[in-house]
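Asker: Here the sequence shown stands for residues 518 to 830, numbered as in the working numbering. Glycine residues also receive a C-beta, built at the ideal position from the N, C-alpha and C atoms.
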Amino acid sequence: MTFEKMQNHQVDHAYRFFSSIVKKSNPTYAAMMKGLITNRLPEKALDLFDEMIIEPDDVTFVVLLNACAKTGNDRAIKVGKKLVQQISTQYQNSIFVLNSAIYMLMKFGDIQSAESIFNLIKNKDNYTYGVMMKGYAENKKFDKILDLYEQMNLKPDHIIYIIVLNACVQDSHDRAKHIGKTILQQIPNICPDKNVLLTSGLNMLMNIGDVSAAERLFRAIRKRDVIAYGAIMHGYRINDQPLKCFESFEELKQDNLVPDEIIFNILFGACSEIGILSKCKSYYNQMPSHFQSQQRIQNALIHMWVSDINFNY
518 MTFEKMQNHQ
528 VDHAYRFFSS
538 IVKKSNPTYA
548 AMMKGLITNR
558 LPEKALDLFD
568 EMIIEPDDVT
578 FVVLLNACAK
588 TGNDRAIKVG
598 KKLVQQISTQ
608 YQNSIFVLNS
618 AIYMLMKFGD
628 IQSAESIFNL
638 IKNKDNYTYG
648 VMMKGYAENK
658 KFDKILDLYE
668 QMNLKPDHII
678 YIIVLNACVQ
688 DSHDRAKHIG
698 KTILQQIPNI
708 CPDKNVLLTS
718 GLNMLMNIGD
728 VSAAERLFRA
738 IRKRDVIAYG
748 AIMHGYRIND
758 QPLKCFESFE
768 ELKQDNLVPD
778 EIIFNILFGA
788 CSEIGILSKC
798 KSYYNQMPSH
808 FQSQQRIQNA
818 LIHMWVSDIN
828 FNY
């Protein structure tokens, strides 16, 4: 058994085994800490750090930063920021440590400090840009994602494009529309088979009201999944075309896909807008019974019922 792969019931056993090791090394500490984090016990990893009698190396340092990010309480913030103070003297050339520090600081909501670390990195790669952009997204700084994208001096990978397209969905300014449409024009050259990227583009187009372009992009997805159908159906709803939600649902079934909670939530929302009793009954009867206990489904049904639809079981 490795510490990293231990299951919940093995944590105590692993910890006893770890404690029996007389001369612990950094790999030993790092492995035990990873196991604790994996088992949702990041604060115990910080306890372990307090007990360390050797200086953490860069691998252990990364694990500690991750533990702080996962914990997120006052203690973790204090420990994390103390670790960051060591970066400029010990780890300023370790991109792995710097990336982890950015991730942690963004989790804390300390955008300014994360930006300072980001600026320390001389040779930024797509992963570094991605960590920074995801941090901005978590802190709802979508305009900063677009700023960073425009400043990039290397070719973005498909992960970057997905993050940027999702930012364009959240930003209604003309710049976001221009950036989004420019990326969409490049999609065939970027990764023609990446459903996630295409679906992100579809969301963006629907958000700016370009339904026709979104439909063309949807047809370009070679192997459509439930997520893609959910995106097109949600787009129809926000663009006041609820009838097309029903058409897409029939296509979904023809593709032998199993609708999820999100699909039914969209359908009930469309029903509440139109008030077609037969549709409501049909979709309700097609929905798996275990979805009825889901909060979003319950809310959608309540909204449908109060929209003057005479819904009967």
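Within this structure, are the beta carbons of residue 550 and residue 593 separated by less than 8 Å?
Answerer: Your numbering for residue 550 matches position 33 in the sequence shown. Your numbering for residue 593 matches position 76 in the sequence shown. Not closer than 8 Å, so no.
Asker: Along the alpha helix (DSSP H) that carries residue 568, what are the first and last residues, could you check?
Answerer: Here the question's residue 568 lines up with position 51 in the sequence shown. Unbroken alpha helix (DSSP H) run through residue 568: 559-568.
Asker: If contacts are defined as beta-carbon pairs under 8 Å, then residue 691 and residue 660 qualify, I think. What distance do you get, rounded to the angstrom?
Answerer: Locating residue 691 in the sequence shown gives position 174, counting from the first residue. Locating residue 660 in the sequence shown gives position 143, counting from the first residue. That belief does not hold up - the Cβ atoms of residue 691 and residue 660 are roughly 12 Å apart, past 8 Å.
Asker: From 628, 804, 634, pick the residue whose C-alpha is nearest to that of residue 608; which is it?
Answerer: On the sequence shown, position 91 is the one that residue 608 refers to. The residue with the shortest Cα to Cα distance from residue 608 is 634.
Asker: Pull up the distance between the alpha-carbon of residue 566 and that of residue 713, whole angstroms please.
Answerer: The count along the sequence shown starts at 1 and reaches residue 566 at position 49. The count along the sequence shown starts at 1 and reaches residue 713 at position 196. Each residue's alpha carbon lies about 39 Å from the other.
Asker: Report the option in 723, 683, 774 whose CA atom is closest to the CA atom of residue 741.
Answerer: Residue numbering aside, residue 741 sits at position 224 when the sequence shown is read from its first letter. Residue 774 is the option with its Cα nearest to residue 741.
Asker: Is residue 741 helix, strand or coil by DSSP?
Answerer: Taking the sequence shown and counting its residues from 1, one reaches residue 741 at position 224. If DSSP states are grouped into helix, strand and coil, residue 741 belongs with coil.
Asker: Taking all protein chains shown into account, do 16 or more other C-beta atoms lie within 10 angstroms of the C-beta of residue 580, making it buried, or fewer, making it exposed?
Answerer: Residue mapping note: residue 580 aligns to position 63 of the sequence shown, counting from 1. Flag for residue 580 reads buried.
Asker: Are residue 588 and residue 563 close, meaning C-beta to C-beta below 8 Å?
Answerer: For the purposes of this step, residue 588 is identified with residue 71 of the sequence shown, where counting begins at 1. For the purposes of this step, residue 563 is identified with residue 46 of the sequence shown, where counting begins at 1. Going by C-beta atoms, residue 588 is nearer than 8 Å to residue 563.
Asker: For the alpha helix (DSSP H) containing residue 606, name the first residue and the last one.
Answerer: Against the sequence shown, residue 606 aligns to sequence position 89. Careful: residue 606 lies outside any alpha helix (DSSP H) and carries neither H nor E.
Asker: If we require 3 or more residues per run, which beta strand (DSSP E) segments fall completely within the segment 628-697?
Answerer: none
Asker: Please classify residue 554: does DSSP put it in a helix, a strand, or coil?
Answerer: Start at 1 with the first residue of the sequence shown, and residue 554 comes out as number 37. In this structure, residue 554 counts as helix in the three-state DSSP scheme.
Asker: Would you mind giving the Cβ-Cβ distance between residue 853 and residue 576, rounded to the nearest angstrom? I have them listed as a contact below 8 Å.
Answerer: In this structure the chain extends from 518 to 830, so residue 853 is not present and cannot be described.
Asker: Quick one: residues in its chain with C-beta nearer than 8 Å to the C-beta of residue 650, no 5 flanking neighbours on either side, listed in chain order?
Answerer: By one-based count along the sequence shown, residue 650 stands at place 133. For residue 650, where only same-chain residues beyond five positions count, the Cβ hits under 8 Å are 662, 665, 666, 677, 680, 681, 684.
Asker: With DSSP run on the structure shown, which of helix, strand or coil describes residue 826?
Answerer: As a working note, residue 826 is residue 309 in the sequence shown. Any reading at residue 826 needs caution, since the residue's pLDDT is 48, under 50, leaving its predicted position unreliable; the model's value is listed next. Residue 826: coil per DSSP, three-state reduction.
Asker: Might you give, ordered along the chain, the residues of its own chain that have their beta carbon closer than 6 Å to the beta carbon of residue 648, omitting 5 neighbours on each side?
Answerer: Here the question's residue 648 lines up with position 131 in the sequence shown. Around residue 648: 616, 619, 620.
Asker: Within the same chain, show all residues whose beta-carbon is closer than 6 Å to that of residue 830, passing over the 5 residues directly before and after it, in chain order.
Answerer: Stepping through the sequence shown from its first residue, residue 830 is reached at position 313. Per-residue confidence for residue 830 stands at a pLDDT of 44, beneath the threshold of 50, marking its modelled position as unreliable; the derived number appears in the next sentence. Same-chain partners within the cutoff: there are none.
Asker: Please report the straight-line C-alpha distance between residue 732 and residue 765, rounded to a whole angstrom.
Answerer: On the sequence shown, position 215 is the one that residue 732 refers to. On the sequence shown, position 248 is the one that residue 765 refers to. For residue 732 and residue 765, the distance between alpha carbons rounds to 11 Å.
Asker: Would residue 747 and residue 780 be called neighbours here (beta carbons separated by less than 8 Å)?
Answerer: Position 230 of the sequence shown, counting from 1, holds the residue named residue 747. Position 263 of the sequence shown, counting from 1, holds the residue named residue 780. Their beta carbons are under 8 Å apart, which means residue 747 touches residue 780 by this criterion.
Asker: Residue 573: which of 726, 604, 531, 814 sits nearest, CA to CA?
Answerer: Indexing the sequence shown from 1 puts residue 573 at position 56. Of the listed residues, the one whose Cα sits closest to residue 573 is 604.
Asker: Run through the segment 736-803 for me and flag every whole alpha helix (DSSP H) of 4 or more residues, listed as ranges in chain order.
Answerer: 743-755, 759-771, 778-791, 794-803
Asker: Where does residue 627 land, buried or exposed, given buried means 16+ other C-beta within 10 angstroms?
Answerer: Position 110 of the sequence shown holds residue 627. Answer is buried; the Cβ neighbour count reaches 16.
Asker: By alpha-carbon positions, which one of 547, 545, 558, 540 ends up nearest to residue 529?
Answerer: Translated into positions along the sequence shown, residue 529 becomes position 12. Answer by Cα proximity: 558.
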